[in-house]
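Take the sequence shown: its letter number 223 is residue 247 in the numbering used here, and every next letter is one higher. Each residue gets a CB set at the ideal place from its N, CA and C atoms; glycine is no exception.
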Amino acid sequence: MSGVVYVRDSKTVITSFPFLTAIIWQLIIIVLLLPSNLCLIFETVSKMEDKNVEFIPKNFPELKNDRLLRAALGKEVDKVPVWVMRQAGRYLPEFQEVRSKHDFFTVCRTPELACEVTLQPLRRYPHLDASIIFSDILVIPQALGMIVEMHPGVGPVFPSPLQDPSEIDNLKEEGAVDRLLYVGKAITLTRHRIEGKVPLIGFTGAPFTLMGYMIEGGGSKTMSKTKEWLEKYPKDVHKLLSLLTRVIIDYLIMQVESGAQLLQVFESSADHLNRDQFVEFSAPYLKDIRSGVKNKIDAKKLEQVPMTVFAKGGGPYLDVQTGLGYETVGLDWTVDPEEARKIVGDNITLQGNLDPQDLYKTPEEITKMTIDMVQKFGKKRYIANLGHGITPQTPLESMKAFTEAVHEAL
């Protein structure tokens, strides 16, 4: 025996002494190797946990309630389907409980938390015919390398917004969708835990809306900086919108591969565009998203999913929206249902459009207004919703009255 033992994994050299027994030697070696063994064990367990969340088999439970999908595709339904934009959100006390422990984007990025928040409104409101994955449209700028913070009482804030068109080249398009895989994991997990009760909606912000946040540095009532870009740097604006469109298409494809059954594109800032601006800076990219998603789904031999476009304030150019290729067009509360149907015709589904502020009325008033709305739209090719997202202070009983009234209306 040489008197020296080399433990290569721990890079430790132990000098032996003649009086030490073999048993003691073994104990010493075990103790010395224990930290690395523990690391290996913890690493293995961690990988197993990741595997359970990230790579759940896609043998999803059979869908039991397909009203939403049938309505989007123009098929007959027994009742008008209903869901609500931002239905998983701040008006729910159970959501507030989750938020008291985790910041907003942590909830978005953690599949378990995003899944839990997505399912919360379904437990409270059994009349809902769809769920929408809990996330945010601004995860795309984050994936492109921009910092986005959620400030209480303020909303999203970009500490370093785009100030010059040259900064577009700093955006990290390559790998952006890979950095959004947590959304896909949340979708897959939710598809399993929802147990086929209702379809799961995936979504994204539209290019112009995202660009506005990236330039303004947050929400804006005037979007003056963005409008300045439209006038001064139209070529660069189109470059940025094209970049965002490419990322959005791949992002939506990832959502479909993960289990999303319907997709909605939010052009939430459309009300800041006049007709000519909408035609130039919004509509072409919305159309490219629809055709791009369809073509890539075909290429990947996936099942096609219906898509909805919602342009807040887009009533004046509703005719333009009908030519974008979407199965459903969402309406805000300023659009008359009967006039909208005349414009879009019978081959496009309409979605909307109760004013979110009407949910502050009494349950009896809400019931009456909702029934009137549903009857104006009719049962065919219609999905009931609000004309924008539900507000944080909405009474819980108002949401109940709204969803129940939709199913009672026809």
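query                                                                                                                    : result
Minimum length 3: unbroken beta strand (DSSP E) runs contained in the stretch 196-251                                    : 224-229
C-alpha gap between residue 424 and residue 108, whole angstroms                                                         : 11 angstroms
Whole-number beta carbon distance between residue 329 and residue 287, since they are thought to touch under 8 angstroms : 6 angstroms
Integer Cβ distance of residue 247 from residue 293, believed to fall under 8 angstroms                                  : 7 angstroms
C-beta contact flag for residue 301 and residue 265 at 8 angstroms                                                       : no
Residue 187 to residue 200 span [Cα, whole Å]                                                                            : 21 angstroms
Collapsed DSSP secondary structure at residue 91 in the structure displayed                                              : helix
Integer-rounded CB distance, given that residue 276 should sit under 8 angstroms from residue 438                        : As shown, the chain starts at 25 and ends at 434. That puts residue 438 outside it, with no answer to give.
Candidates 239, 113, 348, 212, of which the one nearest residue 170 by Cα                                                : 239
Own chain, CB closer than 8 angstroms to residue 84, minus 5 neighbours either side, in chain order                      : 215, 216, 220, 283
Simplified DSSP state of residue 419, which is helix, strand or coil                                                     : coil
Close beta carbons around residue 315, own chain, < 8 angstroms, minus the five adjacent residues each side              : 349
Span of the alpha helix (DSSP H) around residue 393                                                                      : 387-401
Enclosing beta strand (DSSP E) for residue 335 [first to last residue]                                                   : 331-335
Whole-angstrom distance between residue 195 and residue 157, CA atom to CA atom                                          : 26 angstroms
Classification of residue 91 by the beta-carbon crowding that lies within 10 angstroms, buried from 16 upward            : buried
Burial state of residue 47 (16 or more Cβ within 10 Å)                                                                   : For residue 47, the pLDDT reaches just 49, beneath the cut-off of 50, and the residue's location in the model is therefore unreliable, although a value from the coordinates is still provided. Flag for residue 47 reads exposed.
For residue 420 and residue 397, believed in contact at Cβ under 8 angstroms, the rounded distance                       : So it is not a contact: roughly 21 angstroms between Cβ atoms.
Residue span of the alpha helix (DSSP H) that contains residue 319, given as start and end                               : 307-323
Alpha carbon of residue 351 to alpha carbon of residue 291, nearest angstrom                                             : 16 angstroms
Residue environment, residue 430, which counts as buried when at least 16 other CB atoms sit within 10 Å                 : buried
Given residue 174 as reference, the closest of 296, 127, 139, 110 once Cα atoms are compared                             : 127
Residue closest to residue 149, alpha-carbon to alpha-carbon, out of 433, 428, 432, 434                                  : 428
Presumed contact (8 angstroms Cβ cut-off) between residue 340 and residue 299, rounded CB distance                       : 6 angstroms
Straight-line Cα distance separating residue 399 from residue 433                                                        : 7 angstroms
Separation of residue 415 from residue 336, as counted between CA atoms                                                  : 15 angstroms
According to DSSP, residues forming a beta bridge with residue 296                                                       : Answer is none; residue 296 lacks a bridge partner.
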